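Here is the structure we will look at.
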């Protein structure tokens, strides 16, 4: 094995990311879900820093710092405040059969690896082998959004999907230009605020954050 | 004609179009009833006159122009050849009378509505002129859709009534379905090289299959606008809904834009014509004509009756087109020229006589507020001048000599009678049957017109409101209305009495489309006698006939005055044994149409309410329905609804399902690009 130490580190981060994505997929408790999201952000931040160190792409340090501030500290803090205010801190979700979801998730990971293989061949980055994991975590987050019935886990799924996209960008091309990254970070932040306001409005309108009540909005 | 001013006919035409647009917008901003009726509509009529002259000039010389408007790199191409000029002549001529009539008709209209109507009216005129001028598919479709939209807003002038809104929607729907078919036919015709100018299409050779596809699409698309079966359903709804001058313009002129389109596509843009196209057009035309006239006979609303009569006339024109196509594809150019002349002549005639009749119904409607034939009657005493003008119109459309309706139908029948000699034996046998059906339609049209005129103007008033002799509410048509209608009457007479001169002008069009003209043989024996093929076969001298008729009439009047003078006694008619004669004893509109309804009952759906013998207040009620509505439109509607419901099931209202849709789409796309 002649893989350099940094590359092994990155591979381990990628493996952790995938593990956390599966953990989020099967986690019923909202509080734990938010914590998992924060851990995912932390792993992402570390892996970005390692990539920056190993490839001498200094702008990636800024990305890593941004991720750390935004996705590990700020967003989880907002989410924590939100669930405390909404009084759903200890809520447990009823979910569709978890083993089935995990199996579907496995199939998605296989699909993502299969899909990423030709792209990895072309990419000249040190992180190219992790592209499959990045795509898998995007798809898993999407699957999570589909299977959740409450509003807050869906938003967490949405944010996790953004994490996966970010990871894909770093692993395929050493990250997006700084302007784009800053823009996306701002979008996520603003989106979070708006969704937070929506939570309260949904709660006022339907007395619950369960999205199945929104079926009433359908026109006949 | 305009050479001395250094102007081409197309310049004059474009000037008129621009003037109409300015007038319309001016009317919208002025918002003044007096200015709009007294200045803008007469100014529009002057524009129509200029357009008529430009059309006359354009028959002899082709002129082109390119407008640097529209999308970048895609300018509007315009061309004014003999075919365009002929239809511009028709548009200009008929709109003179309609605009003059409108001066009087719209006087009592509310200010804001009138300003909008003034705008749409002039935009409608300008759009029709541009349809005739267009020389690329892009310009054509822009003008065509402007025409459809402006006429939709004209139809829905009284949009506070739900049935008017419904009629307008039906019209708009069918117009758009037709426009899609026209667009597709242009798409097929450009032959894959992406150039949509008509000049390129003329030089594109299509295989028989694609040429037929173009023809069928064009026939369907333009047929929707013309009211060819089974796309006729909007006509009897939209014409009664619109104000009368608008009905006159739609029926008289707008239907002809569709005829123009069919001729332009099949005879000019396509370089081959197949004989079975002609057979199809002939058959469709005959069915349309018979359908229209039979339904016209059973109508009880005067404007619906005229709308069905328009369907009939469009059918006759389509028969002419079919015959032209048959002759042209067998290279019998002289006969094709005869049939085409008859077609164009009939289109011209119908523009004037149908406008005249619709305008007349407008005057009746203004005076009485009644459209139902069952409530009218005896108006010849209250509105004698209108009655006289309308008499000419009804006689013309019934096809009686020496008026214009006779000339075109006679020419068409001549073309039919000369058809033996086609190389297709079956066709030879079937064409006389078609001729017989055409004669049947013509005869029934006469019957319909007797009903129309008789029930409205003759007899006694059928309604209390009309029977009061001193009623001030019922007045004859105003001076402007009469001037407009008088213009139409004069044109109808002129077209009927001087057919050779008209045919000499139509010759430019036939020369262009079938490379043969009628003029040489038609005027061989001088302009008095019309001899379409040979003098020994058939000839017609309308002026001589008119002189004999007038002389005979005068002689009779004088003789009666001389020998019976002073012995004239006015008394109630049919007073023998009827001491208490009432208006209800005369034939009604329903009663007059009853034989037709009886004979053709299998053809139309009839719903009857026959009272029981013990009913103290018996009321007989019969209603006729268009069976095609149930056979053709309802299944389409049901299919549409069914598909809509199936597609509607996609909308669950559950966010998870929606997310699943995008997830599956994402996976499918990823798998696809892999």
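Chains as they are written, first to last, in my numbering: chain A, 126 to 345; chain B, 24 to 697.
The C-beta atom is built at its ideal place from N, Cα and C for all residues, glycine as well.
Every value quoted in this text rests on a predicted model; they were computed, and no experiment measured them.
In this structure residue 219/B is buried. Its beta-carbon is surrounded by 16 or more other beta-carbon atoms within 10 angstroms. Contact of residue 339/A with chain B by beta-carbon distance below 9 Å involves 676, 677 and 678. Selection 310/A, 257/A and 270/A evaluated against residue 166/A yields 310/A as nearest (Cα-Cα). Within the DSSP bridge table, the entry for residue 646/B names 630/B as partners.
Here residue 100/B is bridged, per DSSP, to 89/B. Residue environment for residue 232/A: exposed (fewer than 16 other C-beta atoms within 10 angstroms of its C-beta).
The DSSP assignment places no complete run of the beta strand (DSSP E) inside the segment 250-319 of chain A (cut-off: 3 residues). The Cβ atoms of residue 29/B and residue 72/B do not sit closer than 8 Å to each other.
Excluding its 5 nearest sequence neighbours in each direction, residue 70/B has C-beta neighbours in its own chain below 6 Å: 39, 42 and 43, listed in chain order. The C-beta separation of residue 378/B from residue 511/B comes to about 6 Å, placing the pair in contact by the 8 Å criterion.
Close CB contacts of residue 500/B within its chain, under the 6 Å cut and outside five residues either way in sequence, are with 386 and 409 (chain order). In this structure, 480/B is the residue among 480/B, 449/B, 342/B and 336/B with its C-alpha nearest to the C-alpha of residue 403/B. DSSP places residue 220/B within a strand segment (E or B) once states are collapsed to three. For residue 270/A, the nearest CB of chain B lies under 8 Å from its own CB, placing it at the interface with that chain. The C-beta of residue 147/A comes no closer than 8 Å to any C-beta of chain B. Within the same chain, 286 come within 7 Å of residue 267/A by CB-CB distance, once the 5 residues on both sides are set aside. Residue environment analysis places residue 288/A among the buried positions, since at least 16 neighbouring C-beta atoms fall within 10 angstroms of its C-beta.
Its chain contains 212, 213, 214, 216 and 294 as the residues whose beta carbon lies nearer than 8 Å to that of residue 227/B, once the 5 sequence neighbours on both sides are disregarded; these appear in chain order. With contacts defined as CB atoms closer than 8 Å, residue 244/A and residue 297/A qualify as a contacting pair. Interface residue (Cβ-Cβ distance to chain B less than 8 Å): residue 336/A is classified as such.
Nearest Cα to residue 514/B within the set 203/B, 86/B, 256/B and 75/B: 75/B.
Chain A has a Cβ within less than 8 Å of the Cβ of residue 697/B. For residue 255/A, the closest alpha carbon among the candidates 225/A, 293/A and 276/A is that of 293/A.
Neighbourhood of residue 240/A in chain B, by CB distance below 7 Å: 693 and 697, in chain order.
Under the Cβ distance rule, residue 467/B does not count among the residues neighbouring chain A, no pair being separated by less than 8 Å. According to the DSSP secondary-structure assignment, residue 217/A is paired through a beta bridge with 154/A. Look at residue 267/A: its C-beta is under 8 Å from a C-beta on chain B. CA-to-CA, the gap between residue 142/A and residue 170/A works out to about 11 Å. Think of a sphere of 8 Å around the beta carbon of residue 673/B: no beta carbon from chain A falls inside it, the nearest being about 11 Å out. Between the alpha carbons of residue 237/B and residue 244/B lies a gap of roughly 10 Å. Cβ neighbours of residue 318/B within its own chain (closer than 6 Å, five residues either side excluded): 331. Under a 10 Å Cβ-count criterion, residue 188/A is classified as buried, with 16 or more other Cβ atoms of the shown protein chains found around its own Cβ. Residue 189/B: member of the alpha helix (DSSP H) spanning 185-212, first to last residue.
When the Cα atoms are used, residue 680/B and residue 164/B turn out to be separated by approximately 41 Å. Residue 152/A and residue 330/A have their C-alpha atoms some 27 Å from each other. Contact between residue 275/B and residue 142/B is ruled out by a C-beta separation of about 21 Å, above the 8 Å threshold.
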